[in-house]
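See below for the structure under consideration.
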Amino acid sequence: MSSLLKTLADQLREHNDTRAGEIAFDYFNQSHQPYDDLFKYLLSLTETNNQNVSLIGCLIQSFLQWETQTKPTYAWATFDETCMNNLILSQLPVVFLNDFCQIFRISKEHLFSLLRTVLRQSMNASLYKRALTIIVKLQYQSEFLDEEILLPLILNSRDHLIHLFVDNQQELEEKLLNILNRLYRYGGRSLGRILAEEFNMNVPNINKKALGKLAVRYWNLYGHNQVTKYPNLASLQHKRTLNYLINVKYSGSSEEKTMSDEAWNEIVAEVIQDDQDLLEFLLEQMINRDDIVSVKYWINQTKRSVDSLPNWMQRYVYSKTNFGRPTTLSNPARRASPNFYKIPSKDTQITFIDTKSEYDRLLERLFTVKNDAEDIYLGFDCEWKPIFANAANEQRISVMQIAFADEIFILDMLHFFRTCDSETAQQRLADRLFDDDHVTILCYGFRSDASMLTSSYPVFSRALVSGKTLLDLCLVHFDLMNTQRHVFPYASTNNTPSKDKGLSELVRLCFGIALDKSEQCSNWERRPLRSAQIQYAGKQYFYANSLPHLFTSTLATDAYCLLAVYNFLKTRVESADYFRSFRGQHTKKPDSSPMPKAMDETD
């Protein structure tokens, strides 16, 4: 290292930045070839593996200061072109590149030419990301054509580089969405032609599956609330949702993703609405599986004339006999009626709360105890409408289940609870449930419920800070399986994986039969709820003059079975204080809970 660089390094090490700058300034002021000297020092500093950023910055800033003050008139020197290009494309820290180009008179045209040379190389090359970083840092994105950078990144599904290029700029986010929307103008069926005719790109092998995932991902990230602006992406999102639902309906291999026929039918109807293109897409998937029953159902349900369908669909429909006969939607994968867990007590009362009088009765029940020291154990669960995209911020909690040993309350969070005063009625419930020394909330995988509660009703945030009432049986479940497996009478002895997951598996381990989860992924925002939803939530009731009536239920509810599981396990664990050690703990992993109620079909 030269004496100048050593002196500057010593000053910078002692944090004498000002003095270091003065020394460098004086050096350039006295030099007969300051540009050559700076170039030589930069080459020296960038050719080593040492972190010389401070030294480089000191030299460049001092040189700029010297240029500004002295306005030198030296004859312009000629520098080694290879060394100059290496400094620009690989060696010099990008943060100094703009100043470097200014000092050494590097034109934008020459810089762009160098960058374009690199952009034609493999995206896996380190120089490619370096070139992209230079373009972003110097804000030159608009200087390059779509087919030079953004389109190749899209077609190769380079998400991290796309994020780097877009750089959180709304203009570039819209540019990205516009390109994707153009590509899917014909539903993705003419990608090659669009690329050739509109972008002059010949791409023989397009990974349509990866491209579709990418398009939906960015649609959800940047434009999901702009359907009219990006209609092709909105349609693509719906088609991917329908594909997911079709797989759920016909796979029959994953209990965690099954839905009842009614829930499936309900969600599909909401997706297709009056869109005839989506209807034809749905029918095509069903025809591919030779399901004429479902095809006929949806033609009748949407009042679509068979003669208005594409010719090949007409031929399929008319090739099947008795088209005019009424049909019911059936799901072959769910024809069997498995034995599921049921609430054992015939005296369990179920109350649906959507009036102030019923809400007051819930509060009275929560606060009525024999003495101030009495502990209350409650089963707890929440439900909300599933979404099939990344717009989780649009979800709202729909119902809350609070289960006592002899009564289950189903609280309408979507419509009624928001009418209650937040500082009194709402806060009183939140504090009693989540911030009370004498209340224990039995839950399973509470993280998703907590997130939905606080996003839907911030009044719960304060009470959930401590979370001291929570007893998450998800934690208990995993701990017992690892340390006291023998407490479960139905645990397998050969570690064979179970098809049941989450709370359903815990119930099976305790009682030998699982929970029916087929209504979990259903539209919990509709009112009135379907009878199957009501059964799932732990209640059978009907509406007369819009008022729910009370009935007893022999069907399962997550909230109630949590009480049953707790009462069962507390008699079998080795220590009476075992459960106390888990009170107030939180699940650490979001995926510790059962099947999420918000699903992203692009996974």
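Residue 25 in full-length UniProt numbering sits at position 25 of the sequence shown, and the numbers go up by one each step.
A virtual CB, placed ideally from N, CA and C, is assigned to each residue, including glycine.
Rounded to whole angstroms, what is the Cα-Cα separation between residue i and residue j?
i	j	result
L8	A20	5 angstroms
F100	F79	13 angstroms
T18	Q91	26 angstroms
W66	N29	7 angstroms
D436	L132	55 angstroms
E374	V439	9 angstroms
H486	D558	24 angstroms
V95	Q237	39 angstroms
M413	S461	16 angstroms
C382	I397	7 angstroms
W529	D500	Correcting the residue identity first, residue 529 is Leu in this sequence and not Trp. Rounded to whole angstroms, L529 to D500 spans 26 angstroms at the Cα level.
V136	L119	14 angstroms
R185	F417	43 angstroms
V293	C443	40 angstroms
N225	F104	47 angstroms
V424	H415	The sequence given here has Thr at residue 424, not Val. Answer to the nearest angstrom: the Cα atoms are 18 angstroms apart.
L429	W384	19 angstroms
S422	V459	7 angstroms
Go ahead and pull the three-state DSSP assignment for residue i.
i	result
T241	helix
Y457	coil
Q395	coil
T117	helix
N523	coil
Q401	strand
L442	strand
Y566	helix
Y140	coil
C101	helix
N168	coil
W219	helix
F199	helix
D436	coil
Y35	helix
R304	coil
Q273	coil
P204	coil
D372	coil
T133	helix
residue 604	Only positions 1 to 603 of the chain appear in the structure, and residue 604 is not among them; the question remains open.
P332	Interpretation of P332 is limited by its pLDDT of 44, a score under 50 that renders its predicted location unreliable; the figure taken from the coordinates is listed afterwards. Of the three classes helix, strand and coil, the one that applies to P332 here is helix, per DSSP.
L480	helix
K249	helix
Using a 10 Å radius around the Cβ and a threshold of 16 neighbouring Cβ atoms, would you call residue i buried or exposed?
i	result
G187	exposed
D167	exposed
K517	buried
R240	buried
residue 606	Nothing in the structure corresponds to residue 606, since the chain is present only between 1 and 603.
G502	buried
Q11	buried
S62	buried
E270	exposed
N52	buried
P489	exposed
S235	buried
R158	buried
Could you check where the alpha helix (DSSP H) with residue i kicks off and where it finishes?
i	result
W312	N311 to S319
Y377	From DSSP, Y377 is part of no alpha helix (DSSP H) but of the beta strand (DSSP E) over I376 to W384.
G502	G502 to F511
S31	Unbroken run through S31: none, as it is neither H nor E.
D10	S3 to R13
S62	V53 to T70
Y297	I292 to Q301
N288	Q276 to N288
D360	K356 to F367
residue 610	The question about residue 610 has no answer here: the residues shown for the chain are numbered 1 through 603.
P152	L150 to L155
For residue i, report the span of its beta strand (DSSP E) as first-last.
i	result
Y490	It is not in any beta strand (DSSP E) - Y490 carries neither H nor E in the DSSP assignment.
T351	Q349 to I353
L92	No beta strand (DSSP E) holds L92; DSSP gives it neither H nor E.
E407	E407 to D412
D472	L470 to D472
When you compare the CB of residue i with every CB in chain C, is at least one pair closer than 7 angstroms?
i	result
W298	The structure shown contains no chain C; it is built from a single protein chain.
Exercise for review: Check whether the segment 357 to 367 touches the segment 302 to 310, taking contact to mean three or more Cβ pairs, one atom from each stretch, closer than 8 angstroms.
Suggested key: no
Check your understanding: Does the segment 468 to 478 come close enough to the segment 439 to 458 that 3 or more CB-CB pairs lie under 8 angstroms?
Key -> yes
Review point. Does the segment 558 to 568 come within contact of the segment 376 to 383, defined as at least 3 CB pairs closer than 8 angstroms?
Key: yes
Review point. Between the segment 212 to 226 and the segment 261 to 268, are three or more C-beta pairs nearer than 8 angstroms?
Key: no
Exercise for review: Pair every Cβ in the segment 161 to 175 with every Cβ in the segment 200 to 210, then say whether three or more of these pairs are closer than 8 angstroms.
Suggested key: no
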